[in-house]
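Working notes, beginning with the structure itself.
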Amino acid sequence: METIEKAEHKGLNVYKTLKSDPQYFGGYLNMARSNIFSINNSVAHKIKISTLPDEEKILDSFLCNNNRKHLNWNLAHSIAVKFLPIIKVFDFESLPKSERTGDLNNLNTGKDFAAMAASLRCLFREIQEFRNDYSHYYSIANGTKRKTIISGELAEFLRLNFARAIEYTKERFNGVLNDDDFEPVKERVLVNQDNTITTDGFVFLISMFLEREHAFQFIGEIKGLKGTQFNSFIATREVLMAFCAKLPHDRFVSEDKKQAFTLDIINTLNRCPKELYGVITDEERKAFKPCLDKLNLENLLDNSTNDKADVEDYDKYIEALTRKIRHSNRFSYFALKFIDETDIFSKLRFQINLGKLLIDEYEKPINREMYPRSIVQDVKAFGKLSDFEDGAEVLKQIDKDGNSLGFEQYAPFYHTKNNKIGLHTNNAKAIVIHKPNSQSKVKKSLKQALPEAFLSLHELPKIIVLEHLEKGKSEELINDFVLACNSKITNKQFIDEVKRKLPNDWNEFSKRSDSQKESAYKPNALAYLRMRKKIVDEVLAPYNLNHKQIPTRILDYWLCIVDINADRAISDRIKRMKREGMDRLKAYQKFTKTGKGKIPKIGEMATFLAKDIVDMVISTDKKKKITSFYYDKMQECLALFADPEKKSLFVDLISKELHLNEADGHPFLKNIEFSKIRYTQDLYLIYLQEKVNKMIDVKNFRSGKTSTIDKSWMMCTFYKREWNQEAGKQLTEVKLPDNLSSIPFTLRQLKEKISSNLDEWLHNLTKGNEANDGKTPINLPTNLFDEPLIRLLQNDLDAQQVEYSADAKYNELFKIWWRNRGDSTQSFYHAEREYFIFDEKVNFKLQENAMFADFYSLSVKKAFRAKQNARRIEQKTNRRLPDIQFSQVEKVFKRSISNTEKQIRLLQEEDQILLLMLEKLISSDQDLNLKLNQIDILLNETITVKEPVRGNLFFDNNAEITRRIIDQRKRKDHSMLHKYVFDRRLPELFEYFAENEIPLQDLKNELEAYNNAKQMVLATVFKFEEALVANNHADDFMDADSKTGHIPHKAYLQWLKKEGMINENEFQFLNRVRNCFSHNQFPPKNTMSLFVSQWADGNFALQIAELYNEKIDAILAI
34 METIEKAEHK GLNVYKTLKS DPQYFGGYLN MARSNIFSIN NSVAHKIKIS
84 TLPDEEKILD SFLCNNNRKH LNWNLAHSIA VKFLPIIKVF DFESLPKSER
134 TGDLNNLNTG KDFAAMAASL RCLFREIQEF RNDYSHYYSI ANGTKRKTII
184 SGELAEFLRL NFARAIEYTK ERFNGVLNDD DFEPVKERVL VNQDNTITTD
234 GFVFLISMFL EREHAFQFIG EIKGLKGTQF NSFIATREVL MAFCAKLPHD
284 RFVSEDKKQA FTLDIINTLN RCPKELYGVI TDEERKAFKP CLDKLNLENL
334 LDNSTNDKAD VEDYDKYIEA LTRKIRHSNR FSYFALKFID ETDIFSKLRF
384 QINLGKLLID EYEKPINREM YPRSIVQDVK AFGKLSDFED GAEVLKQIDK
434 DGNSLGFEQY APFYHTKNNK IGLHTNNAKA IVIHKPNSQS KVKKSLKQAL
484 PEAFLSLHEL PKIIVLEHLE KGKSEELIND FVLACNSKIT NKQFIDEVKR
534 KLPNDWNEFS KRSDSQKESA YKPNALAYLR MRKKIVDEVL APYNLNHKQI
584 PTRILDYWLC IVDINADRAI SDRIKRMKRE GMDRLKAYQK FTKTGKGKIP
634 KIGEMATFLA KDIVDMVIST DKKKKITSFY YDKMQECLAL FADPEKKSLF
684 VDLISKELHL NEADGHPFLK NIEFSKIRYT QDLYLIYLQE KVNKMIDVKN
734 FRSGKTSTID KSWMMCTFYK REWNQEAGKQ LTEVKLPDNL SSIPFTLRQL
784 KEKISSNLDE WLHNLTKGNE ANDGKTPINL PTNLFDEPLI RLLQNDLDAQ
834 QVEYSADAKY NELFKIWWRN RGDSTQSFYH AEREYFIFDE KVNFKLQENA
884 MFADFYSLSV KKAFRAKQNA RRIEQKTNRR LPDIQFSQVE KVFKRSISNT
934 EKQIRLLQEE DQILLLMLEK LISSDQDLNL KLNQIDILLN ETITVKEPVR
984 GNLFFDNNAE ITRRIIDQRK RKDHSMLHKY VFDRRLPELF EYFAENEIPL
1034 QDLKNELEAY NNAKQMVLAT VFKFEEALVA NNHADDFMDA DSKTGHIPHK
1084 AYLQWLKKEG MINENEFQFL NRVRNCFSHN QFPPKNTMSL FVSQWADGNF
1134 ALQIAELYNE KIDAILAI
């Protein structure tokens, strides 16, 4: 046999092609199939169905089999789409904007799971076939001829979704790449007319199942695709990677939490808030956009001279394409975590949502068919986030006897609701309780730990400032108020004591209704009410309390404020219900006719319908029967109404199982002909019309004229024409009918409910409505910290002889105090603004003491004249239209600018608080003198980073191995280390390092050496198999697995061992090397050391590749 010429690595200038380098594509096809396998099993595990035994079985994936009737496909899709973005194309609402809104007749069909399963089956089958052809040299059936023809189904799928990929990429890089940059990629052909796949099509297909970083490397060596020297090249690469997969990994947790937290805050402070970015000029926005000219120049030089691919190229590439914008406000998270990490509260703990606990499961019948039911609840606890990192240990604490079935999802986060977070004085946790003697099917329940108090998230900045000025003061104030609330505020004796000290001649002060027609309080009435509150404050002063800290019910009792009339309250509630329904209906009709406005997504429509159907149930017994199982099933069926099976199940559910079509069921659901409705959005429209606005043409037989009247359920039930004695004419009265037997329970209870007196209210507050309710948590007042803050800020300013107004409140004092620090804010807050209001442009730069009206005075006049002229034209056909008033137009200008600028000002103040937090986090023993206007300096400072990486040895019974990566790098580059945590090559590679700490550059050198070695080995494997087939009969290498398919590499080695040309150790070595490089794994040291007695320092993979080549040459030389 002739020897193989050693494959010399020639760097990135060696372009790969489909014809000359099939093994290159085969390596990435192996990776793609492995990723499909991993994603399938991860999702299957989460939704509790069987997993695949090995990679070869991907066609058995549940994702490509639509015959699982009882599977919650909505849930499966919501999980899987995070890892396989390609499946978002089967959800109408996730399609590119141009496809969703381009045609008003294009109905929102929701999610098409049947099409998803069929397409994924086609994709997985083709990937499997391509993988077999391109990762093996020889096929029994086709020899060395490789697959290039694809099915018509796949060809159409690639063409359609390549066009979508272009649109997705345009949306993603809006403001970074322009439309002209995408013109060349539109001309690329993925599949020829004879269904022959091109290199572009092959790359697009494979990249769907590669992680972006690997797709970037894959594309980077392919002829015609390598390089980013033009924006059009960048656009092409991004389109090809538009649907890249994401592998499921455990959440990354840095060992140095303080350093990671600090870097997170610094990075946030260097980004422009989206609220500000949206109202600054294009010229100002350039500071936050990628500098593509610099990127292009660097890459042009790299592509000309560089002969190796840096493993961090992808991170640098992405950083260069990323706009430096904050897409969400994370201040509350930062503040809560800061309070925890710096122990501002010694005993108080925040409420944490640990995740979803599967308490029990059983089967429940619907229409004589069994459906699985899972009892899942969110688990709440109190503590620091860092207390809950070990999910297994936490489960033992809340479920000591192992009665539950474990966490379905474990991802602790701060539990905030309605801008509040719960507090508790100890680390209380939920507990699983087992009741074996219960008559219920479910013998287990979850007893949640309730908060003792609620803290408004808006008070977090005050806590940070207060702690900066006086340590421990904020917790002291909270504890004192909780004590005062328990001992005084909710104590009836105290309430009566205060009442006796107040004037007894106050007349009753009536509350206003929330009706749109209700007039506001008159100025003198408001002044009178404020006077009463001032007297209350004087009485409360000796108790260190004020009226803002008193619950409304108690304050009303003291101030002699009475509730509105009960009938009026019910009438207003009915009107509000109709108004909300009309708002939804009008928004839907406007959108479907003009494409303007916004309507709910299909899932949101389904949720609204399910909730409203339950709310409208008449019988209390029927309402009680609708448990979470039935509600969830209804919501699922409504969301997938286009599926005939789901539609049929929904009809059976409401008619046969819950009996909602009966007289005491739902008031108008029986009027809807479900057989004639196909989509969720059609049902949404018809349901709203039946409820609030069903316009019917009625002919007057006397006059012969036809008029339109509203025959909706609400109009017919609650709106009646009655004689009004006071008005002297008939008016429309809105009220509950005398006969309540056909009225939904939610409305009926308004009439049946008896208002409780103060004593009953206090009992419910302190003891609960029922025996097991417990005490209602205390709402901490929003002015709790104001007085101490004002005093401390005044003291600080006095000490530095800084002037301030004697009646200055906290906000004004804080601004003066901040200026006195010698700091302002980040420069981008001073950027020139540009607002577009009524097609008029308003440009300005913020100036001290300037009014917004000074900036828009000319624009508002022009807008008013345009609106005035347009209205005059409209009045020619509709004389009832009123004239446009200048004040109306001016109000829009004023509110548009002032509301946005107020939001930006609050973000600016939060940034100032974040800087105070940074000072505490970065150093507690020196004055760093940090400045917001110099915050970018911190990003470019060099720091020492040590990141531990833990992994399991694949070839050694999953034994754990840990090494620490160490590096000196700029703060802004810290996150680039995270990529190494999940690299599947590292566990075996770590064995080659004797030290526990590995310098990052050494690790990068090894991974670059691995990439080079991989191409050498895969090329050698193909040439080796080619030489063996050429010098022998293919039949010699056939085994049971290859008689009709491809000859696996292992078969060649088994033949060589049988012929005595290699021994067992050589067989193990050669087989392991080939398989590891084919599957992106690092060869295990114990097997490699069979032939390497002394390892040279570094480039371990290249040493293995060179030894592999030597072994192959020796075999072929025999």
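Under this note's numbering, the residues of the sequence shown are numbered 34 to 1151, in order. Glycine included, each C-beta is placed from N, C-alpha and C at the ideal position.
Is the beta carbon of residue j closer than 8 Å to that of residue i?
i	j	result
N225	T232	no
I112	K79	yes
L1022	E1039	yes
F885	S931	yes
F242	N459	no
I955	P494	no
K474	Y366	no
F1015	H282	yes
F624	I632	yes
G388	A463	no
S1111	S168	yes
Mapping DSSP to helix, strand and coil, what is residue i?
i	result
E317	helix
K666	helix
W539	coil
W1088	helix
H247	helix
T449	strand
A1150	coil
N1029	coil
N386	strand
L193	helix
M747	helix
W1128	coil
D93	helix
Keeping to the same chain, check which residues put their C-beta closer than 8 Å to that of residue i; ignore five residues upstream and five downstream.
i	result
K84	Checking the sequence shown, residue 84 turns out to be Thr, not Lys. Excluding sequence neighbours, T84 sits near N73, N74, A77 and H78.
I298	F367, L947, M950, L951 and L954
Roughly how many whole angstroms lie between the Cα atoms of residue i and residue j?
i	j	result
D654	S775	14 Å
S361	Q941	14 Å
D792	D124	54 Å
M638	I568	50 Å
E820	Q582	13 Å
L309	F371	25 Å
Q722	Y621	11 Å
N336	I252	Reliability of the predicted coordinates at N336 is poor, the pLDDT of 44 falling under 50, and the value obtained from them is presented with this limitation in mind. When rounded, the distance between both Cα atoms is 14 Å.
N1108	K1090	18 Å
E331	I811	Residue confidence is low: E331 scores 48 on pLDDT, short of 50, so the model does not pin down where it sits. No coordinate-derived value is stated.
In chain order, what residues of the same chain have a beta carbon less than 7 Å from the beta carbon of residue i, not counting five sequence neighbours either side?
i	result
D432	V465
L1135	A1042, N1045 and A1046
I183	E159, V224, N228 and I230
L1019	V982, G984 and Y1013
L783	I603 and R606
V1106	V1050, P1116, I1137 and Y1141
Following a CB-centred definition, is residue i positioned closer than 7 Å to any heavy atom of the ligand MG?
i	result
M667	By its list of ligands, the structure shown contains no ligand whatsoever, and the ligand MG lies outside what it can speak to.
Could you pull out every residue in the same chain whose Cβ sits closer than 6 Å to the Cβ of residue i, ignoring the five residues on either side in sequence?
i	result
A896	F871, E873 and V922
W106	F146
C305	F321, I358 and F861
D166	R179 and K180
D697	I651 and S652
Go through the stretch 250-280 residue by residue and report every complete run of the beta strand (DSSP E) that reaches 3 residues or more, in order. Taken in chain order, no unbroken stretch of beta strand (DSSP E) lies wholly in the stretch 250-280 with a span of 3 residues or more.
In chain order, what are the residue ranges of uninterrupted alpha helix (DSSP H) at least 4 long that sit wholly in the stretch 581-664? Counting whole runs of 4 or more residues, the stretch 581-664 contains the alpha helix (DSSP H) stretches 585-592, 599-627, 635-648 and 653-658.
Pick out the complete alpha helix (DSSP H) segments inside the stretch 933-1007, 4 residues or longer, and give them in chain order. If we require 4 residues or more, the alpha helix (DSSP H) runs fully inside the stretch 933-1007 come out as 968-972.
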